[in-house]
Amino acid sequence: MKSSIYLATKNANKLREVRHILQGTGLLIKSCPPDIVFPEETGATFEENAFLKAEHLKRITGGEFVAGEDSGLSVEKLNGLPGVFSARFAGGGDAENIEKLLGMLSAYKDTADRKAKFITVIVLLGPLEKMTFTGEVEGFITFSPRGTNGFGYDPVFEIAGAGRTFAELSAEEKNRVSHRSTAFRKLADYLFTL
Ligand code: ITT
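The opening position of the sequence shown corresponds to residue 0 in numbering that gives the first Met the number 0, with each subsequent residue numbered one higher.
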């Protein structure tokens, strides 16, 4: 059983969420050296970007097991955007990204036309293996932001059938169903077989 790995992220919210997801599993997440500078996320897919981050951290730490995670929002009517551009969609912060997204969807008045999914892809680099783990959650983009929990696009993502946005859920509730928790539980299951 492998009980600790490095995670290649500079996003403190993501790191907190991952540690929360893995609480009680016995798998510990080691954070990156604080001064690390990751290469630009130039990949065309979440998997390519997750690999770029993992590979860079593995080179720096020499860690036996290193995971890179890339995630984002894919909106059906926007042909998958913001996708790999989720973090830098509007060139500002979360508020600007949300404003741009709502603006681009403003012509769609029916919830059915605002379908979206959150996707997480983890690439694990071990001594021998390169493994990929994915998680998805389906929902739709709301007409305005609701809720104050979470981060990123959480205030405008309503989970299918739940009537609440991710930002209206507690951390426990989000982590029960989220794209990230599905992917990280698969990763933990794999590591515990080693
Ligand atoms: P690292 O690359 O350092 O991990 P990042 O914030 O750049 O941090 P990503 O490249 O994976 O992370 O981009 C993910 C973006 O997608 C993130 O900044 C949010 O805007 C959005 N996102 C991903 N997961 C989310 C979630 O659970 N809730 C809300 N937004 C999310």
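Backbone N, C-alpha and C define an ideal beta-carbon position, used for all residues, glycine too.
According to the DSSP assignment, L123 belongs to no alpha helix (DSSP H) but to the beta strand (DSSP E) extending over 114-124.
Per DSSP, the beta-bridge partners of M130 are L123. Bridge partners of A66 according to DSSP: L6, L123.
Close CB contacts of I158 within its chain, under the 6 Å cut and outside five residues either way in sequence, are with G138 (chain order).
Counting C-beta atoms within 10 angstroms of its own C-beta, G62 has 16 or more neighbours from the protein chains shown and is therefore classed as buried. The beta carbons of D153 and A166 sit about 4 Å from each other, so the pair counts as a contact at 8 Å. Note: T110 is not bridge-paired with any residue in the DSSP secondary-structure output. A residue is called buried when at least 16 other Cβ atoms come within 10 angstroms of its Cβ; G90 does not meet this threshold and is exposed.
For the pair of segments examined, the segment 81-95 was found not to touch the segment 125-136: the number of CB pairs separated by less than 8 Å stays below three. About 11 Å separates the CB atoms of F117 and I140; that is not less than 8 Å, and the two are not in contact. Out of L101, Y5, G23, the CA that lies nearest to the CA of P33 is found in Y5.
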